[in-house]
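J.: Sharing a structure here in structure tokens format.
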Amino acid sequence: MPELVEMPKLGMTMEVGTIVKWCKKEGDFINEGEPLIEVMTDKVVMDVESPATGIVYKVLAKEGEEIEVGKVIAVIKLTTDSKEELAKFNTAKERKKELGTEVEKEVTKKTNKKNISTTEIPTTPFARYIASKERIDLEKAPRNTNGIVTGESINKIKITSDKEEIPFLPMQKVMAEKMTESGKIPQFTLYYDIGADNLINLNNQFKKENLKSSITPILIKILARVMDSFPIFCSNFDGEKIIRSAHKNIGIAVQTKKGLVVPVIKDVDSLSTKELFTKFNMLTQNAKDEKLTLSDMEEGTITISNLGMFGVSYFRPLLIPGQTAIIAISTIQEKLVLINSGIFIRKMMNIAISCDHRVVDGVTAAQFMQSLKETIEAKISEVFK
Amino acid sequence: MRVITYKEALREAIIEKMREDDENVFMMGEDIGVYGGAFGLSLGMLEEFGPERILDTPMSEASFVGVGVGAAIMGMRPIVEIMFSDFLTFGADQIINQAAKLRFMTGGQLKMPLVVRAPQGSGAGAAAQHSQNIEAWLLNIPGIKIVVPSNPYDAKGLLKSSIEDDNTVIFLEHKLLYSMKGEVPEEDYRVPLGKSKVVRSGKDATIVATSIMVKRSLEAAEILGKEGIQVEIIDLRTLKPLDLSPVIESVKKTHRLLVVYEGCITGGIGGEVISQVAESEAFLYLDAPPFRLGGLDVPIAYNLNLERKTTPQTEDIVSKVKEIVGGDWYARISRDA
């Protein structure tokens with residue numbers, strides 16, 4: 042039975058998806074799990090992977106076309122498929138609407154997916170040798186025009202030229218678009234040097250209590266507390282109107298192999314410290330494992346970006362379009378500080394904020410940061426009572 | 028450098044060795060004296076060396092190969108010419124059961140410095156009983172050496188080494204190569220037995236060839252080169268001892284192997300080369316199955332067009348290499364499976 046590929050539901054609110062690009066054309070060989078289509082929702086561009094290994098038998102939607110979730114967009118021919126089984130798809134273009142309903146039946150019928158082990162992929166000894174030496178997953182290795190993995194097909198990219206075209210991943214594309222958009226937003230940045238001794242002590246104390254603590258989630262909790270007095274930071278702006286939320290949804294910038302993602306911790310103030318740590322660790326891990334769902338990345342109003350572990354002294358973060366502000370955390374370092382004419386050694390860190398100037402003015406942002414500074418330096422125990 | 032033919036090069040090797048060692052080196056065979064040999068290789072030798080050293084024999088390979096074995100046991104260095112290698116079957120017992128074994132059976136007390144020269148191969152319209160390539164029969168005999176020269180330089184150097192060797196050497200000359208011209212120095216030199224040679228460098232595929240197939244592979248390489256395919260060619264030169272180290276190194280570089288030989292494809296040198304490569308480190312470097320291109324498993328036809336079709340020609344090598352390099356072999360093996 043041929044495998045039908047339908048427009049997937051990539052987020053809770055997704056009803057239609059736009060075909061950005063077909064990664065394969067009719068007649069091409071495709072592996073299970075290999076990208077078949079790039080689909081764009083209102084928020085992200087995502088790869089839709091082939092559900093089976095076989096030949097792309099029919100492509101039923103054009104690039105740029107908007108397709109309802111659940112409609113069949115492609116047919117994958119398996120090696121076991123007979124001509125009879127495929128016959129009904131030969132006029133599939135005309136029957137696209139009918140196919141949409143047929144999918145629902147098919148989906149329920151869909152049996153357990155076949156697991157293709159690497160031994161079933163036609164692979165030359167040389168390809169296996171390179172794959173084992175360079176830790177290449179043979180299932181994902183490029184195949185040649187005959188559908189087999191050879192050393193040549195793996196090496197092709199390397200040997201064609203000293204210049205190499207690096208594939209621009211869909212996640213990078215989304216980030217590129219967002220950052221280009223961000224560049225157009227009038228934004229300003231304020232920098233604050235903040236004493237971090239209490240912060241470090243608290244973190245160490247949590248660790249002693251066997252909590253999976255780190256600086257960023259502690260700061261997230263402090264941030265949420267400060268936002269109580271500055272509800273403007275719970276807003277989104279769509280260019281025309283400011284929508285204030287009752288929730289404290291704070292984004293975390295996470296670097297993954299495929300690019301930067303920003304999962305959002307929702308209702309931060311409703312979580313206990315322990316719950317917050319758990320949620321933070323889970324989201325960052327899921328981001329690294331590429332397991333985030335679209336809804337994990339929605340509804341943030343402010344984001345934290347921490348580059349402290351890389352020794353950054355201070356930096357200017359770029360707003361995520363739609364959000365009100367982004368906080369930049371730099372490295373914690375010992376400094377000589379003058380306090381009441383006395384010289385002291387203090388652990389210091391720089392925290393910066395970039396704000397959308399259409400939503401927040403400089404004074405509001407400065408007051409917000411002053412409050413944040415005070416809380417971190419002097420009132421931290423109140424937050425973590 | 029001086030250019031002479033393959034046949035001339037062989038003549039020189041025999042004449043020079045006979046002049047050098049007039050006690051022990053002599054040649055015998057059918058019609059090699061007065062007639063000058065079926066291919067004219069020994070013309071004039073009777074006049075120079077006399078009937079005791081250029082011996083015309085009766086038409087009985089069994090007896091005169093036996094005479095050669097006896098002479099070798101007694102310390103002489105006989106060169107026995109078999110008019111067509113196909114006739115070697117008559118002398119097979121002397122070669123297989125005597126010449127190949129006596130050195131071992133006497134614990135080295137006897138030496139066997141016997142050279143059996145035999146022209147072989149197709150392409151001359153000589154039909155099924157005068158056109159065979161018999162090296163595959165001989166490959167299975169321990170105790171002998173097998174030499175298959177592909178050009179005049181090697182022919183002379185290898186024949187001298189063969190005459191000087193204390194073991195039985197079957198020296199298989201290709202009939203169509205007798206007229207092949209090539210550079211041969213006037214100075215004395217040897218080509219050692221048991222050393223194969225890279226005769227052309229390339230990166231896309233390795234062709235292992237013997238005898239006339241080296242020439243055809245070189246022609247194929249020219250054609251393929253114009254299409255951007257660079258093949259490396261290795262001339263085995265001797266089949267026993269078989270020197271595959273350059274082949275293994277080459278396959279590690281090109282990742283593809285084709286063995287081209289004129290003898291019947293089944294049970295031939297191709298299977299042996301491929302087995303040994305597959306048993307070596309080169310196995311890990313194969314990016315396509317190693318292939319054979321050999322003669323068809325049929326008696327050679329008398330009709331010249333059919334005869335041509337029976338054995339690998341230049342264009343066959345070209346298309347086989349393209350299949351291997353281009354990847355179409357996968358369609359073939361999938362279809363065959």
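If you read the sequences in order, they're chains F and D. In terms of the working numbering, the first sequence opens at residue 42 and continues consecutively. In terms of the working numbering, the second sequence opens at residue 28 and continues consecutively. All C-beta atoms in this analysis are idealised placements derived from N, C-alpha and C, irrespective of residue type, glycine included.
Among D:235, D:117 and D:133, which residue has its Cα nearest to the Cα of residue 88 of chain D?
T.: Residue D:117 is the option with its Cα nearest to residue 88 of chain D.
J.: Please specify which runs of the beta strand (DSSP E), each continuous and at least 3 residues long, are wholly inside the stretch 192-230 of chain D, giving them in chain order.
T.: With a minimum length of 3 residues, the continuous beta strand (DSSP E) runs that stay inside the stretch 192-230 of chain D are 195-201, 208-210 and 224-227.
J.: In the DSSP assignment, find the alpha helix (DSSP H) that holds residue 412 of chain F and state where it starts and stops.
T.: Taken as a continuous stretch (DSSP letters only), the alpha helix (DSSP H) holding residue 412 of chain F covers 403-419.
J.: Closer than 8 angstroms, Cβ to any Cβ of chain F: which residues of the stretch 67-89 of chain D, in chain order?
T.: Going along the stretch 67-89 of chain D in chain order, one finds no residue with a Cβ nearer than 8 angstroms to chain F.
J.: If I measure Cβ to Cβ from residue 416 of chain F and keep anything under 7 angstroms in the same chain, skipping five residues before and after, which residues do I get?
T.: 263, 266, 267 and 424, listed in sequence order.
J.: Please confirm if residue 306 of chain F has its CB atom under 7 angstroms from at least one CB of chain D.
T.: No, residue 306 of chain F does not count as interfacial toward chain D.
J.: In angstroms, rounded to a whole number, what distance separates the CA positions of residue 361 of chain F and residue 281 of chain D?
T.: The alpha-carbon atoms of residue 361 of chain F and residue 281 of chain D are separated by roughly 51 angstroms.
J.: Give me the DSSP bridge partner(s) of residue 297 of chain F.
T.: F:300.
J.: Could you tell me which of D:293, D:253 and D:195 sits nearest to residue 345 of chain D, measuring between CA atoms?
T.: Closest option to residue 345 of chain D, Cα to Cα, is D:253.
J.: Residues in the same chain with beta-carbon distance under 7 angstroms from residue 289 of chain F, minus the five sequence neighbours each way, listed in chain order, please.
T.: 265, 268, 275, 308, 309 and 310, listed in sequence order.
J.: Using C-beta distances below 6 angstroms, list every residue in its chain close to residue 48 of chain F, excluding the 5 sequence neighbours before and after it, in chain order.
T.: Correct list, in chain order: 58, 108, 110, 112 and 114.
J.: Give the interface partners of residue 282 of chain D over in chain F, defined as CB-CB distance under 7 angstroms, in chain order.
T.: Those are 167 and 192, listed as they occur along chain F.
J.: According to the neighbour-count rule (16 or more other Cβ atoms, all chains shown, within 10 Å of its Cβ), is residue 350 of chain F buried or exposed?
T.: Classification of residue 350 of chain F: exposed, given that the 10 Å Cβ count is below 16.
J.: Classify residue 436 of chain F: buried if its beta carbon has 16 or more other beta carbons within 10 angstroms, exposed otherwise.
T.: Residue 436 of chain F is absent from the structure shown; chain F starts at 42 and stops at 426.
J.: With a threshold of 6 angstroms, establish whether the CB of residue 75 of chain D neighbours any heavy atom of the ligand COA.
T.: In the structure shown, the ligand COA is absent, as is every other ligand, since no ligand is present at all.
J.: Can you look up residue 135 of chain F in the DSSP assignment and give me helix, strand or coil?
T.: For residue 135 of chain F, the pLDDT reaches just 44, beneath the cut-off of 50, and the residue's location in the model is therefore unreliable, although a value from the coordinates is still provided. Residue 135 of chain F falls in the coil class under three-state DSSP.
J.: When the distance is taken between beta carbons, is residue 327 of chain F closer than 7 angstroms to residue 335 of chain F?
T.: Contact: no.
J.: Evaluate the contact criterion for the stretch 191-209 of chain D versus the stretch 300-313 of chain D: three or more CB pairs, one atom per stretch, below 8 angstroms.
T.: No, because fewer than three Cβ pairs between the stretch 191-209 of chain D and the stretch 300-313 of chain D fall closer than 8 angstroms, the two stretches do not touch.
J.: Let me see if you follow: with CB-CB separation under 7 angstroms, is residue 189 of chain F close to chain D or not?
T.: At least one chain D Cβ lies under 7 angstroms of residue 189 of chain F.
J.: Using CA atoms only, rank isn't needed, just tell me which of D:233, D:73 and D:44 is closest to residue 263 of chain D.
T.: With distances taken between Cα atoms, residue 263 of chain D lies closest to D:233.
J.: Determine the DSSP secondary structure at residue 144 of chain F, reduced to helix, strand or coil.
T.: In this prediction, residue 144 of chain F has a pLDDT of 44, which is less than 50 and means its spatial position is unreliable; what the coordinates show is noted afterwards. The answer is helix: DSSP assigns residue 144 of chain F an H, G or I state.
J.: Would the stretch 61-77 of chain D and the stretch 120-127 of chain D be scored as touching if the rule is three or more Cβ pairs under 8 angstroms?
T.: Segments in contact, no.
J.: For chain D, find out if any of its Cβ atoms is closer than 7 angstroms to the Cβ of residue 170 of chain F; answer yes or no.
T.: True, the Cβ-Cβ gap to chain D drops below 7 angstroms.
J.: Measuring only between beta-carbons, confirm whether residue 185 of chain F sits less than 7 angstroms from chain D.
T.: By this cut-off, residue 185 of chain F is an interface position.
J.: Is it right to say residue 192 of chain F is buried, meaning 16 or more other beta carbons lie within 10 angstroms of its own, or is it exposed?
T.: Buried, since its Cβ has 16 or more Cβ neighbours within 10 Å.
J.: Which residues, in order along the stretch 289-312 of chain D, keep a beta-carbon less than 7 angstroms from a beta-carbon of chain F?
T.: Taking 7 angstroms as the Cβ-Cβ cut-off against chain F, the residues of the stretch 289-312 of chain D that qualify are 310, 311 and 312.
J.: For residue 98 of chain D and residue 147 of chain D, what's the separation of their Cα atoms in angstroms?
T.: Going by the C-alpha atoms only, they are around 25 angstroms apart.
J.: Consider the Cβ of residue 255 of chain D: report whether some Cβ of chain F lies at a distance smaller than 7 angstroms.
T.: Closer than 7 angstroms: no.
J.: Ordered along the chain, which non-local residues of its own chain (more than five positions away) have a Cβ less than 7 angstroms from that of residue 356 of chain F?
T.: Cβ neighbours of residue 356 of chain F beyond the five flanking positions: 348, 369, 371 and 393.
J.: Roughly how many whole angstroms lie between the Cα atoms of residue 107 of chain D and residue 317 of chain D?
T.: Cα to Cα, the separation comes out at about 37 angstroms.
J.: Between residue 180 of chain D and chain F, is there a C-beta pair that is closer than 7 angstroms?
T.: Not an interface residue.
J.: If I measure Cβ to Cβ from residue 419 of chain F and keep anything under 8 angstroms in the same chain, skipping five residues before and after, which residues do I get?
T.: If we look at residue 419 of chain F and ignore the five residues flanking it on each side, its Cβ neighbours are 239.
J.: Pull up the distance between the alpha-carbon of residue 317 of chain F and that of residue 218 of chain F, whole angstroms please.
T.: One C-alpha to the other measures close to 30 angstroms.
J.: Let me know the secondary structure DSSP gives residue 202 of chain F once reduced to three states.
T.: The predicted position of residue 202 of chain F is uncertain, since its pLDDT is 48 and thus under 50; a value taken from the coordinates is nonetheless stated next. Here residue 202 of chain F sits in coil by DSSP.
J.: Taking 7 angstroms as the limit between beta carbons, can you name the residues of its chain near residue 386 of chain F, skipping five residues before and five after?
T.: Contacts found: 375 and 377.
J.: On the DSSP letters alone, give me the boundaries of the alpha helix (DSSP H) that residue 303 of chain D sits inside.
T.: Start and end: 296-305.
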